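Chemist: Got a structure here, written out as structure tokens. Questions coming.
Dropping the structure here:
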């Protein structure tokens with residue numbers, strides 16, 4: 002009983018941590034716009050993040066250019082965040098159309114600010130003080146002209162002291178809802194970047210965890226195909242994991258910004274439609290006596306019908322049917338909760354873990370459904386709008402559910418070990434004359450041991466893969482600092498023993514900070530990835546290694562290489578990197594990204610160490626930078 006309580010406490014701590022982390026990402030300053038104006042003179046924006054909620058000026062069926070809004074008074078205001086489906090009070094209106102939003106905010110000083118712009122339905126252009134700083138898709142007055150695109154963005158600008166203007170043109174002819182259903186966040190440059198990075202990091206952690214857990218359970222199914230619960234659970238984790246990239250910060254769209262909006266929306270919707278029957282199949286596989294096969298079959302048929310509707314029709318046709326499937330999902334949630342209550346009352350094996358994890362999953366799913374209805378269509382009471390501010394909690398709920406299911410697997414593994422100990426004790430007490438009983442118990446023990454050995458092999462394989470990943474740089478995919486430190490120690494000792502030369506090449510990207518400031522951190526990451534890939538492809542010997550040393554620095558280890566060969570390889574690397582032709586307008590040495598390189602080599606002896614060799618190559622690098630960058634300097638030890 003103590004173990005059960007400990008496991009439950011662990012689940013509760015995980016739930017509190019994840020939901021606390023999500024809530025910590027929300028802005029702290031609360032102020033509202035009135036009649037299209039927001040006074041921020043008393044807010045220290047450089048250290049704060051503010052939601053630009055409240056009354057925005059609204060110009061329906063007008064695409065007003067910057068500087069023209071002053072001459073056109075709309076006399077209409079719309080509450081943000083909300084769709085425009087009910088901007089005329091309770092009168093229902095199509096989500097199709099176009100409009101211009103305008104907000105004036107007042108600041109006490111000139112300051113570098115940023116906007117965290119969520120997805121809008123379904124294309125927009127955003128100006129601040131007449132300067133276009135963000136665009137998604139192509140805004141147009143009809144379906145033929147406009148191009149939809151979902152991509153949350155981060156836009157940086159410098160405000161003026163006094164009145165500043167935000168002007169947004171939005172058009173939608175592809176989704177059942179139109180407008181701005183989520184808040185735009187305004188804050189200091191560092192704060193807004195930090196807000197985005199935290200959200201992105203949380204989603205990537207959830208994505209990676211779900212993909213890993215899903216793959217692990219599919220591997221369990223391959224080893225024991227009778228255990229269909231591992232198959233359904235693994236597929237559900239993979240499905241929700243992939244969906245994580247298509248909601249919230251939509252990291253998938255960062256990776257592929259030109260990816261079809263239509264296909265992305267179909268994938269997002271299909272992950273929802275197929276997830277419901279999968280979770281029903283999972284519960285049916287572990288507690289078949291509590292779930293009716295007919296309900297499961299109906300769920301599969303409904304999911305297949307709606308799935309075909311998504312595949313065969315455009316978004317403007319299938320999105321109006323979403324509420325119908327959401328109603329079915331609500332019924333499914335209620336059905337599962339009733340079954341879970343019965344399971345918990347009867348104290349079935351693992352009921353604590355499954356019940357708590359499933360309730361978190363179901364509540365997060367219900368949260369997302371409510372969000373879609375009260376924000377996308379501007380329905381629902383005010384207290385729900387104040388309570389439910391995000392529609393992408395199902396991934397968090399699935400992670401908690403996956404953790405609970407993993408604890409259940411651990412419990413069953415522990416029970417298996419306990420049963421083995423009991424069997425062993427019984428075997429020592431059984432009379433040796435009871436050959437038949439001994440034989441039967443021996444068979445049971447052998448089966449238990451075989452199962453345990455199989456699970457041990459699986460765990461060893463997973464640990465081996467994790468150990469391999471720990472030596473890789475998570476961004477560039479080449480070796481990391483830890484792998485370099487381990488390798489140079491081995492190679493130094495070998496070269497010392499056989500009196501062989503060893504060389505180091507240290508590279509630093511020229512003016513990388515200016516590159517990040519100009520093109521953004523996403524472009525900076527892409528630059529690092531390309532350079533890491535170039536280094537890896539440029540080294541032909543299996544003994545040579547390239548690693549990311551830290552930040553924008555890379556290091557190349559060349560065992561059995563002297564001065565001439567090291568300089569030759571360094572020259573090749575510098576030329577290869579510049580030939581990638583990554584544009585760099587802020588560089589004073591080239592129109593493209595370049596590197597400065599330090600080179601050194603030595604034959605190890607007992608009076609020196611590889612740390613001394615690194616200090617020499619580091620000085621050589623600084624000499625290359627001081628000499629004007631984009632060049633190579635060699636220093637001997």
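Residue numbers (the numbering used here): 2 to 638.
Note that the Cβ used here is the ideal one computed from N, Cα and C, for glycine as well.
Everything numeric in this text was worked out from a predicted model, so none of it was measured.
1) Cα-Cα, which of 278, 624, 294 and 213 is closest to residue 300?
2) Any idea if residue 258 is buried or exposed, counting beta-carbon neighbours within 10 angstroms, 16 or more meaning buried?
3) Tell me whether the segment 221-236 and the segment 130-141 touch, counting them as touching only if at least three CB pairs, one residue from each stretch, are closer than 8 Å.
4) Identify which residue in 615, 179, 52 and 605 has its Cα closest to the Cα of residue 122.
5) Among residues of its own chain, excluding the 5 on either side of residue 25, which ones have a beta-carbon nearer than 6 Å to its beta-carbon?
6) Considering only residues of the same chain and omitting the five flanking positions on each side of residue 112, which have a CB-CB separation below 8 Å?
7) Note down the Cα distance separating residue 137 from residue 533, rounded to an integer number of angstroms.
8) Just to confirm, are residue 234 and residue 406 a CB contact at a threshold of 8 Å?
9) Quick one: what does DSSP say residue 509 is sitting in, helix, strand or coil?
10) Per DSSP, what kind of secondary structure is residue 649 in: helix, strand or coil?
11) Can you tell which of 529, 428 and 510 has the C-alpha that lies nearest to the C-alpha of residue 475?
12) Roughly how many whole angstroms lie between the Cα atoms of residue 253 and residue 614?
13) When DSSP labels each residue in this structure, what does residue 32 get in the three-state scheme?
14) According to the Cβ coordinates, are residue 485 and residue 400 closer than 8 Å?
15) At what residues does the alpha helix (DSSP H) containing residue 323 begin and finish?
16) Give every residue of the same chain whose Cβ lies closer than 8 Å to the Cβ of residue 620, excluding the five residues on either side of it in the sequence, and list them in chain order.
17) Would you please state the rounded distance, in angstroms, between the beta carbons of residue 624 and residue 601? I believe it to be under 8 Å.
18) What does residue 105 pair with, by DSSP beta-bridge criteria?
19) Measuring only the C-alpha atoms, how far is residue 265 from residue 333?
20) For a cutoff of 8 Å on Cβ pairs, would you count residue 253 as touching chain C?
21) Rounded to the nearest angstrom, what separates residue 633 and residue 575 at their Cα positions?
22) Give me the Cα-Cα distance between residue 586 and residue 622, rounded to the nearest whole angstrom.
23) Residue 521: which of 230, 542, 584 and 568 sits nearest, CA to CA?
24) Less than 8 Å between C-beta atoms, sequence neighbours within five positions excluded: which residues of the same chain meet that for residue 573?
25) In its own chain, which residues sit with a C-beta less than 8 Å from the C-beta of residue 360, not counting the 5 before and 5 after it?
26) Can you tell me the Cα-Cα spacing of residue 215 and residue 322, whole angstroms?
27) Among 560, 40, 69 and 175, whose alpha-carbon lies nearest the alpha-carbon of residue 162?
28) If you measure between the beta carbons of residue 64 and residue 185, is that distance less than 8 Å?
29) Here's the rule I'm using: 16 or more other beta-carbon atoms within 10 Å means buried, otherwise exposed. How should residue 33 be labelled?
30) Could you tell me which of 510, 537, 455 and 524 sits nearest to residue 479, measuring between CA atoms?
31) If you draw a straight line from the alpha carbon of residue 237 to that of residue 317, how long is it in whole angstroms?
32) Going along the chain, which unbroken runs of the beta strand (DSSP E) with 3 or more residues stay wholly within the segment 168-227?
33) Who are the near neighbours of residue 1 in its chain, counting only those whose CB is closer than 8 Å to its CB and skipping five residues on each side?
34) Could you tell me the distance, in whole angstroms, from the CA atom of residue 514 to the CA atom of residue 198?
35) By a C-beta neighbour count over all protein chains shown, 10 Å radius and 16 as the cutoff for buried, is residue 289 buried or exposed?
Modeler: Quick answer:
1) 278
2) exposed
3) no
4) 179
5) Since pLDDT at residue 25 reaches only 41, below the 50 mark, its modelled position is unreliable, and the value read off the structure follows with that caveat. Within the same chain, residue 25 has no close Cβ partners at all.
6) 46, 47, 159, 160 and 189
7) 30 Å
8) yes
9) strand
10) The displayed coordinates of the chain run from 2 to 638. Any statement about residue 649 would go beyond what the structure contains.
11) 529
12) 42 Å
13) coil
14) no
15) 323-346
16) 599 and 636
17) With 8 Å as the limit, residue 624 and residue 601 do not qualify as a contact, their Cβ atoms being about 11 Å apart.
18) 38 and 166
19) 26 Å
20) Included in the structure is just one protein chain, with no chain C present.
21) 8 Å
22) 23 Å
23) 584
24) 539
25) 338 and 341
26) 30 Å
27) 40
28) no
29) exposed
30) 537
31) 27 Å
32) 186-189
33) Because the chain is modelled from 2 through 638, residue 1 falls outside the range shown and cannot be assessed.
34) 18 Å
35) exposed
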